[in-house]
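Report on one structure; see the data block that follows.
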Amino acid sequence: MYVNGMGFRAIERITGVSRTTIIDGVKLVGTLLPDAYEAETMPEVGELDQLETFVGKKNQIWHRSCCRPFSHRDFRLGSR
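In the working numbering, the protein residues as written are 2 to 81.
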């Protein structure tokens with residue numbers, strides 16, 4: 002449930018299990034996961050997001066980010 006985006010309190014309401022027990026369980030599972038996947042595995046799907054914002058007197062700042070799903074590597078491009 003946590004991986005799908007539910008918060009700890011929502012999981013607590015649905016399951017009836019204490020919030021601290023849920024947090025401890027998520028931490029325990031997190032320690033069992035690898036820090037990063039092997040570089041040889043090529044992702045089938047990539048993501049690219051683009052955000053345009055105005056700061057001050059409509060000075061444009063572009064922000065583009067690209068990430069590999071299921072990894073902790075992000076690439077960010079932009080003027081800032």
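No residue lacks a Cβ here, since even glycine has one placed at the ideal position from N, Cα and C.
If you run the structure through DSSP and keep just helix, strand and coil, what is residue i?
i, result
"E13", "helix"
Using the rule of at least 16 other Cβ atoms within 10 Å of the residue's Cβ for burial, across every protein chain shown, is residue i buried or exposed?
i, result
"I23", "buried"
Using alpha carbons as the reference points, say which of the options lies closest to residue i.
i, options, result
"G6", "L34, V27 and T32", "V27"
"R20", "L34, P35 and G8", "G8"
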